[in-house]
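Accompanying notes for the structure given below.
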Amino acid sequence: MKNRLLAAAAPAVLASLALSGTAAMTLASPALAADAAPKATAPYDGVFAKPSTLPFHAPDFAKIKDSDWKPAIEAGIAQKRAEMKAIANNTAAPTFANTLVAMERAGVLYDRVYNVFSQLTSANTSDALDAVDTEVSPQIAAMEDAIYLDPKLFARVKAVHDSAAGKALTGEDAMLLKTQYAKFVHRGALLSPAQKTELKAMNTEISTLETQFAQQLTQANNAHAVVFDSKEQLAGLSDAQIAAAAERAAKDGKPGKYVLPLINYTQQPVLAQLTNRESRRRVFEESINRASSGDQYDTTGIVTKIATLRAKKAKLLGQPDFGTFQMYDRMINTPAKAMTFMKGFVPALRATQDREAGVLLEAAKADGVTTLQPWDWTYYAEKVRKAKYDLDESAIKPYFEVYNVLENGVFYAANKTYGLTFKRRTDLPVYHPTMRVYEVIDSDGKTPLGLFYFDPFSRPSKRGGAWMNNFVEQSNLLGEKPVIANTLNIDPPAEGQPALASWDDVTTMFHEFGHALHGFFAHQQYPALSGTNTARDFVEFPSQFNENFATVPEVLAHYAKHYKTGAPLPAGLLDKIDAAGKFNQSVGFGETLEAAMLDIKWHTLTPEEAAQPPIEFEKQALASLGLRTDLIPPRYRTPYFRHIWDNGYASGYYSYIWTEVLAHDGWDWVEKHGGMTRANGDHIRTTFLGQGHSKDLDVLYRDFTGHDPELEPMLEARGLSGK
Ligand SMILES: [Zn+2]
0 MKNRLLAAAA
10 PAVLASLALS
20 GTAAMTLASP
30 ALAADAAPKA
40 TAPYDGVFAK
50 PSTLPFHAPD
60 FAKIKDSDWK
70 PAIEAGIAQK
80 RAEMKAIANN
90 TAAPTFANTL
100 VAMERAGVLY
110 DRVYNVFSQL
120 TSANTSDALD
130 AVDTEVSPQI
140 AAMEDAIYLD
150 PKLFARVKAV
160 HDSAAGKALT
170 GEDAMLLKTQ
180 YAKFVHRGAL
190 LSPAQKTELK
200 AMNTEISTLE
210 TQFAQQLTQA
220 NNAHAVVFDS
230 KEQLAGLSDA
240 QIAAAAERAA
250 KDGKPGKYVL
260 PLINYTQQPV
270 LAQLTNRESR
280 RRVFEESINR
290 ASSGDQYDTT
300 GIVTKIATLR
310 AKKAKLLGQP
320 DFGTFQMYDR
330 MINTPAKAMT
340 FMKGFVPALR
350 ATQDREAGVL
360 LEAAKADGVT
370 TLQPWDWTYY
380 AEKVRKAKYD
390 LDESAIKPYF
400 EVYNVLENGV
410 FYAANKTYGL
420 TFKRRTDLPV
430 YHPTMRVYEV
440 IDSDGKTPLG
450 LFYFDPFSRP
460 SKRGGAWMNN
470 FVEQSNLLGE
480 KPVIANTLNI
490 DPPAEGQPAL
500 ASWDDVTTMF
510 HEFGHALHGF
520 FAHQQYPALS
530 GTNTARDFVE
540 FPSQFNENFA
550 TVPEVLAHYA
560 KHYKTGAPLP
570 AGLLDKIDAA
580 GKFNQSVGFG
590 ETLEAAMLDI
600 KWHTLTPEEA
610 AQPPIEFEKQ
620 ALASLGLRTD
630 LIPPRYRTPY
640 FRHIWDNGYA
650 SGYYSYIWTE
660 VLAHDGWDWV
670 EKHGGMTRAN
680 GDHIRTTFLG
690 QGHSKDLDVL
700 YRDFTGHDPE
710 LEPMLEARGL
720 SGK
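Counted the way numbering that gives the first Met the number 0 counts, the sequence shown spans residues 0 to 722.
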């Protein structure tokens, strides 16, 4: 089942960074704030002015009204800006305490309100909240710029960084100085005023082009919806799908025809169903050629401009290429290292692609197909999957009642491994009646670790995906313990029925709780280094690692019980799920790896190289991978690779694969050391799960396993090892 994790991980990564990353720079010395507060602003005295009086300063949802948000956020922004300004203007000589630590103390009000607000706009939004969000977003971006582009503030950080005292710092202090200094430098703080002007112009141009790319791609996706003249051409689709296609055609002004919309991947789900080979070819070709040269919504011109500008920007900042620039704070910190580990998968994957191509061709022969084409792959893969691995989800779901999975599965594993216990709290307010709250108690049976909120069901006011966020972030400096939520999108139960989870939902519950543990075990001094505030190519490691507990026999036996009869999950069902998950890795893993390598290739070009025609470059780049890209093209081709041209994943798409490597290799360590034991739990907690970003991430990993990450356990888990 690991093949679905990549997709499941995607929104979670964004969430981890977007939601818990908000506290990367925190808080406020009241004295400084008073000195520098903008005149004529009445002091804020709303519901967020003081920490809530609830346990752990949990948000008091019973008291917060829609009208509270805007004034609270704006007051938070004003306060944080004033506090940062005061640090920059301090007349005392710069020290670690009066600069770096003071910066960590700045923005308490902002974090208090925004950490709650950002969860509500994601999980329980409304027109009122959306309107506030639209209004405050540019103010927040401006605040970030004002802080990181303030030459006076950077001069102080640099003075500490370059001083003997700065160099003598150790542990978390050293890490805080190092990461904050790097963040300023990354944003151009070392540049001359003229260069800064140039950089600013480049940033504006790049961001305009990124938005243009996204808009044009949306238009291309719409324009390339595939039009069919007859129902017969859609043979294989369900009546409901055909009706929807007819409806879409009518809406598009093509009554009597049928329109299949494109989704933003190369392989379209309908390719698994369409029995007409010519129809499959048409869908596939519209998909893979969208937004390419000659298209009305050709994005390749924009791609050339973005790639060239990014290469120039990296050069201006003294970096060899944009990939190196982008990866400055990652566990894998150069494009070369990323390519090296990914190339390690190529031989096994290539063998799998060749082998599976043979299996599919064999299945296709019955239909008179002599040469397998890329538009045939998904169709015959689905046929083989059905024949060999068919699973009936509705027969599985009764074994996974949601709260039972949570309390007797997710919590049980955390109890056996880490000694944690969980006490339901019905006295604390929630923002939706279906939520549950638990107090998390440490292994001594008495020390509280924090609060856990569980918001499981989908609803119109919640965005898709699953994620973890902090309402309150752990920090010794500020005396805060974590208040954490897991949000999922499980189908809500019908009135009076039990809430049942799919196997994917179960895996996601364990995944998100891995993020939560990363937050609960945090015991960092500084908010910026606490818990999940790590790099993009590390943050999904604890969560993917925690998924492994879902299938530990002792854990599974404890939670997988029929909700009515209490009968255990029938033997062999899980093996069937596992076998199905290992099938079709040619696409499941192959197209992700290809896209990740293409991303790195795009971001290691010089400005001159980046100016070549994108389609030509892509052709060469793909040919050099040693994979069957002719038959299994990357998940995204260049003209519609939105992750890297608009979504901030440039030189970062590999992260999904890397954290999976860590999760499997880490689990291999557990299995070789006696499995789910309290001793192993303590080791995991001490070495990485409780460490936040207090040390270099590769050091944390070696502390845990004693060696650098190895690929073999993941190859085996995905059925690619040939074993
Ligand atoms: Zn995640």
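All C-beta atoms, glycine included, are put in the ideal place defined by N, C-alpha and C.
Quiz prompt | residue 580, buried or exposed, once every other Cβ within 10 Å from all chains shown has been counted against 16 | solution = Around the beta carbon of residue 580, 16 or more other beta carbons sit within 10 angstroms, so the residue counts as buried.
Practice problem: Give every residue of the same chain whose Cβ lies closer than 6 Å to the Cβ of residue 54, excluding the five residues on either side of it in the sequence, and list them in chain order. | Solution: Contacts found: none.
Quiz prompt | Whether residue 409 touches residue 512 by CB criterion (8 Å) | solution = Yes; because the gap between Cβ atoms is below 8 Å, this pair is in contact.
Quiz item: Since residue 212 is in the beta strand (DSSP E), which residue starts that stretch and which ends it?
Solution: Element bounds for residue 212: not the beta strand (DSSP E) but the alpha helix (DSSP H), 192-222.
Practice problem: Report the three-state DSSP secondary structure of residue 292 (helix, strand or coil). | Solution: In the structure shown, residue 292 sits in coil (DSSP, three-state: anything other than H, G, I, E or B).
Self-check item: Opening and closing residue of the beta strand (DSSP E) in which residue 467 lies
Solution: Judged by DSSP secondary structure, residue 467 falls within the beta strand (DSSP E) whose first and last residues are 466-471.
Quiz item: Taking contact to mean at least 3 C-beta pairs separated by less than 8 Å, is the region 530-546 in contact with the region 437-445?
Solution: The region 530-546 vs the region 437-445: no contact.
Quiz item: Just to confirm, are residue 222 and residue 295 a CB contact at a threshold of 8 Å?
Solution: Cβ distance < 8 Å, so residue 222 and residue 295 count as in contact.
Exercise. May I ask whether a heavy atom of ligand 1 can be found less than 7 Å away from the beta carbon of residue 539?
Key: Checking every heavy atom of ligand 1 against the Cβ of residue 539, one is found closer than 7 Å.
Quiz prompt | Continuous alpha helix (DSSP H) stretch holding residue 85: start and end | solution = DSSP places residue 85 inside the alpha helix (DSSP H), whose first and last residues are 68-87.
Quiz item: Just reading off the beta strand (DSSP E) that residue 178 is part of, what are its end residues?
Solution: It is not in any beta strand (DSSP E) - residue 178 instead sits in the alpha helix (DSSP H) that spans 170-185.
Quiz item: Any heavy atom of ligand 1 closer than 7 Å to the CB of residue 510?
Solution: Residue 510 Cβ: within cutoff of ligand 1.
Quiz prompt | residue 654 CB to nearest heavy atom of ligand 1 below 7 Å | solution = Checking every heavy atom of ligand 1 against the Cβ of residue 654, none is found closer than 7 Å.
Quiz item: CB of residue 514 to nearest heavy atom of ligand 1: below 7 Å?
Solution: Yes, the Cβ of residue 514 comes within 7 Å of a heavy atom of ligand 1.
Quiz item: DSSP on residue 359, reduced to helix/strand/coil?
Solution: Helix at residue 359.
Exercise. Give every residue of the same chain whose Cβ lies closer than 6 Å to the Cβ of residue 491, excluding the five residues on either side of it in the sequence, and list them in chain order.
Key: Taken in chain order, the residues that qualify are 456.
Self-check item: Spatial neighbours of residue 714 in its chain, beta-carbon cut-off 8 Å, leaving aside the 5 residues before and after
Solution: Excluding sequence neighbours, residue 714 sits near 344, 347, 720.
Practice problem: Report the residue from 416, 406, 604, 657 whose alpha carbon sits nearest the alpha carbon of residue 559. | Solution: When only C-alpha atoms are compared, the closest one is 406.
Quiz item: Taking three-plus beta-carbon pairs below 8 Å as touching, is the region 643-660 in contact with the region 691-700?
Solution: Put simply, the region 643-660 does not touch the region 691-700. Fewer than three CB pairs are less than 8 Å apart.
Quiz item: Based on Cα-Cα distance, which residue from 445, 245, 377, 688 lies nearest to residue 419?
Solution: Selected option, being the one with the closest Cα: 445.
Practice problem: Check each candidate in 75, 628, 269 and name the one with the smallest Cα separation from residue 114. | Solution: Taking only the C-alpha atoms, the option nearest residue 114 is 75.
Exercise. Return the Cβ separation of residue 103 and residue 525 in integer angstroms, given the expectation that the two are a contact with Cβ distance under 8 Å.
Key: Between residue 103 and residue 525 a beta carbon distance of about 5 Å is seen, short of the 8 Å cut, so the two are scored as contacting.
Quiz item: Taking just the CA atoms, how far does residue 667 sit from residue 682?
Solution: Whole-angstrom Cα-Cα distance: 14 Å.
Quiz item: If you drop the 5 nearest sequence neighbours on each side, which residues of the same chain put their C-beta closer than 6 Å to that of residue 533?
Solution: The beta carbon of residue 533 is closer than 6 Å to those of 692 in its chain, skipping five residues each way along the sequence.
Quiz item: At a cut-off of 7 Å, is residue 693 close to ligand 1 when judged by its beta-carbon and the heavy atoms of the ligand?
Solution: Residue 693 Cβ: outside cutoff for every heavy atom of ligand 1.
Exercise. Find the nearest neighbour of residue 545 within the set 555, 516, 527, 529, judged by alpha-carbon distance.
Key: Distances from the CA of residue 545 to each of 555, 516, 527, 529 were compared; the closest alpha carbon is that of 516.
Practice problem: Rounded to whole angstroms, what's the CA-CA distance from residue 523 to residue 378? Just pull it up for me. | Solution: One C-alpha to the other measures close to 51 Å.
Exercise. Tell me, to the nearest whole angstrom, how far the beta carbon of residue 472 is from that of residue 530; I am working on the premise that it is less than 8 Å.
Key: About 7 Å separates the two Cβ atoms, so the contact holds.
Quiz item: If you pair each beta-carbon of the region 203-210 with each one of the region 304-312, do three or more pairs fall below 8 Å?
Solution: Cβ pair count under 8 Å is three or more, so yes.
Exercise. Verify the contact flag: residue 121, CB atom, against every heavy atom of ligand 1, threshold strictly below 7 Å.
Key: Because no heavy atom of ligand 1 lies under 7 Å away, the Cβ of residue 121 does not count as near it: no.
Exercise. Can you give me the start and stop residues for the alpha helix (DSSP H) that residue 655 sits inside?
Key: Boundaries of the alpha helix (DSSP H) around residue 655: 654-671.
Quiz item: At which residues does the beta strand (DSSP E) containing residue 789 begin and terminate?
Solution: In the structure as shown, the chain begins at 0 and stops at 722. Residue 789 is therefore absent and cannot be evaluated.
Practice problem: Would you tell me roughly how many angstroms separate the C-alpha atoms of residue 314 and residue 593, rounded to the nearest one? | Solution: C-alpha separation (whole angstroms): 27 Å.
Quiz item: Can you name, in chain order, every residue of its own chain whose Cβ lies under 7 Å from the Cβ of residue 33, other than the five neighbours on each side?
Solution: In this predicted model, residue 33 has a pLDDT of only 38, less than 50, meaning its place in the structure is not dependable; the value taken from the coordinates is given anyway. Here the set comprises nothing.
Quiz item: Hey, would you say the C-beta of residue 393 is under 7 Å away from at least one heavy atom of ligand 2?
Solution: As far as ligands go, the structure on display features ligand 1 and does not contain ligand 2.
Self-check item: Neighbour-count burial assignment, residue 458, 16 or more Cβ in a 10 Å radius
Solution: Label assigned to residue 458: exposed.
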